[in-house]
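Some notes on the structure that comes next.
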Amino acid sequence: VVDVAGDGPFVLDAPLTGTSFRFVIEAVEERRTIEWFSDTAQVVPPAIAELGIPALAVQRATFAGTACRADLVAVDGQPLDVQVDAEGIVTPCVAELQLGAGEHTVTATPGRESGLDIDRLVLRSGLDTAPAPAAEPGEGEGDGPRVTVLGEGRSSVDVRIDGATPGEPFWLVLGQSQNAGWEADGPGVPAGESTLVDGYANGWLVTPERSTFTVSMSWTPQGAITTALALSAAAALLCLVLIVFSRPAADPDPVGPGVGRRGITPAVAGALTAVGTLLFVGPVAALVVAITGFVLWLRPGLAPWLRWAPAATYALAAAYVVARQAISKPGSAFEWPAEQATAHQPALTAVALLVVVLAVDASHRRAAVAAAPEPPLRDLPTGVDTIG
1 VVDVAGDGPF VLDAPLTGTS FRFVIEAVEE RRTIEWFSDT AQVVPPAIAE
51 LGIPALAVQR ATFAGTACRA DLVAVDGQPL DVQVDAEGIV TPCVAELQLG
101 AGEHTVTATP GRESGLDIDR LVLRSGLDTA PAPAAEPGEG EGDGPRVTVL
151 GEGRSSVDVR IDGATPGEPF WLVLGQSQNA GWEADGPGVP AGESTLVDGY
201 ANGWLVTPER STFTVSMSWT PQGAITTALA LSAAAALLCL VLIVFSRPAA
251 DPDPVGPGVG RRGITPAVAG ALTAVGTLLF VGPVAALVVA ITGFVLWLRP
301 GLAPWLRWAP AATYALAAAY VVARQAISKP GSAFEWPAEQ ATAHQPALTA
351 VALLVVVLAV DASHRRAAVA AAPEPPLRDL PTGVDTIG
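For the sequence shown, our numbering assigns the number 1 to the initial residue and increments by one for each residue that follows.
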């Protein structure tokens, strides 16, 4: 048993003899990380990048090839006679494979059944039936149009195309995850959604009208998001203006209190808010909301202090986000909200606290109005003036 450092190579100094060797990891110094799907701490498994013995090398297995056999490939459900050469290349035993117009299905027998895995299929049409040579890395049809980035923002990219051949289509690819929200605008760019390219990116098959032109690619949902943010900011500013400059409203009923007015009781208001918090936030937040509503109901004198609870809770969540960003510096990627998951519940709890505080305050005001003494009736003149 030997101790191995956590990183870097490790060499056994003692000589070893034998025909087979077995290496066992007896114990590890546990290191934990947050597992993405369960959001729980998991022990990171140890990793061995390379394990070997000097002067020993695995000999490449040689393959003698096979005669024609019909258990490897089938075309449209019919077995196809093929042979395998010494390099492992599978070719048909017939001089040519004739396929009619339409769709055809080529299937290969799984390697666990046949002993050979066929992982590539090459079909060529033409008079020359000899296998085509493999293309060398970097070979292509020639230089395509040149793309120059003129401007790039968080939700848009402007590019200039040079060297295009009018009428000769080419693919313009944007290296962002393919989504219907990405749109491109320019001469020769097709309207509508982009095409999935390279398994993830946005692509547009552009038919140029001239050799040089510009194309603008933009994330169109950003317009709606920007508008919503602007409206939210305007609404918040309006609320601040109303708070600062508004005056207490006069009693709309100068004769007496609002007889017959009924409202929800503080207990019911707190219970409903707590139940909603339990369903949409969590049990801890629901308990905090229930206790706050109960205290406000029993001790109205604490209301001036407890009214600050929503703002304080929300400020705590905001402070966590700012501190986390300053210390850990999580990247601005799509998983950024998950990086701030700890602040989610306090922020939602602040909203629930605001609801219960407003509900209990409104109930207390109604109770105070109902308990107020009725104002005395004013004396009205008994005489009647007549005009005549």
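Here a beta-carbon is modelled for each residue, glycine too, at the ideal position from N, C-alpha and C.
Bounds of the beta strand (DSSP E) holding residue 175 are 170-177.
Shown here, residue 69 sits in a strand according to DSSP, grouped into three states. DSSP places residue 222 in the uninterrupted alpha helix (DSSP H) bounded by 221-245. Residue 164 is classed as buried because its beta carbon has at least 16 other beta carbons within 10 Å across all chains shown. Residue 293 is positioned such that its CB atom lies closer than 8 angstroms to that of residue 356.
It is roughly 13 angstroms from the alpha-carbon of residue 345 to the alpha-carbon of residue 339.
For the set 320, 209, 361, the Cα lying nearest the Cα of residue 268 is the one of 361. In the DSSP assignment, residue 152 falls within the unbroken beta strand (DSSP E) covering 146-152.
The three-state reading of DSSP puts residue 304 in helix, counting H, G and I together. Membership of residue 92 in the beta strand (DSSP E) is indicated by the continuous run 90-92.
Counting C-beta atoms within 10 angstroms of its own C-beta, residue 306 has 16 or more neighbours from the protein chains shown and is therefore classed as buried.
Under the criterion of beta carbons closer than 8 angstroms, residue 171 and residue 197 qualify as touching, at roughly 7 angstroms. Out of 82, 76, 121, the CA that lies nearest to the CA of residue 103 is found in 76. The alpha-carbon of residue 187 is positioned some 11 angstroms away from that of residue 161. A contact between stretches requires three or more CB pairs, one per stretch, nearer than 8 angstroms, and the segment 229-243 fails this requirement with the segment 206-221.
A straight-line Cα-Cα distance of about 54 angstroms links residue 53 and residue 151. About 6 angstroms separates the beta carbon of residue 353 from that of residue 289, a gap short enough to meet the 8 angstroms contact definition. For residue 161, the pairing in a beta bridge is given by DSSP as 147, 213. Here the C-alpha atom of residue 31 lies approximately 42 angstroms from the C-alpha atom of residue 113. According to DSSP, residue 182 shares a beta bridge with 219.
With fewer than 16 other CB atoms across the displayed protein chains lying within 10 angstroms of its CB, residue 200 is exposed. Here residue 79 carries a strand assignment [DSSP, helix/strand/coil]. From the listed residues 72, 319, 81, the smallest Cα separation to residue 110 is found for 72.
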